[in-house]
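Reviewing the structure listed below.
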Amino acid sequence: MNNKDPFLIFSERLKYLRESRDLTQKELSEDLKSYGVNITENMISLFERGITEPKLYYIDAIARYFDSSPNFMLGYTQNSSNGLSFKVDADILFKHINMSDYTPDDCLKLIELISKYLRSTYNR
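Per UniProt numbering, numbering through the sequence shown is continuous, rising by one, with the last residue being 124.
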């Protein structure tokens, strides 16, 4: 595992993924808003520069936007694809979980458990 701060890795990967799609920070902000996620252009700038640590909700939303996983965005895995083509079930599960009730470490563990459950359910 990488010894680098997960939020610094998030900053780097967010910028890399955004630029790889030729998106400006403003375009990314507008795209996310169209999905109901209110992340401003300024917030994206702060995230990319490592000035502000994003809430887990934002990490999850950004990861899903880029068809990735929170674990990849934070540097816990090197695989950018979460492999979940069954996102409807994942979305349903996450809607019933209040992530603010958990610590960041617990949230990551919960996300991993849900991911394992979905993979085993769908034989992936």
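Even glycine gets a Cβ: it sits at the ideal position worked out from N, Cα and C.
Values in this document were obtained by computation on a predicted structure and should not be read as measured data.
In this model, Y117 and R21 are separated by some 31 Å (Cα to Cα). Secondary structure within the UniProt domain "HTH cro/C1-type" (14–73): not one fully enclosed beta strand (DSSP E) run of 3 or more consecutive residues is present. I114 and I97 have their C-alpha atoms roughly 11 Å apart. Per the C-alpha coordinates, the member of D67, E27, V37 and L17 positioned closest to K55 is V37.
In the structure shown, I111 falls within a helical segment according to DSSP collapsed to helix, strand and coil. By the Cβ criterion, the segment 5–16 is in contact with the segment 31–48, since at least three pairs of Cβ atoms, one from each stretch, lie closer than 8 Å. Minimum Cα-Cα distance from E19 among the listed residues F66, P70, M43 and F72 corresponds to F66.
Counting C-beta atoms within 10 angstroms of its own C-beta, N71 has 16 or more neighbours from the protein chains shown and is therefore classed as buried. Inter-residue distance for D31 and I62 is about 10 Å (C-alpha atoms, whole angstroms).
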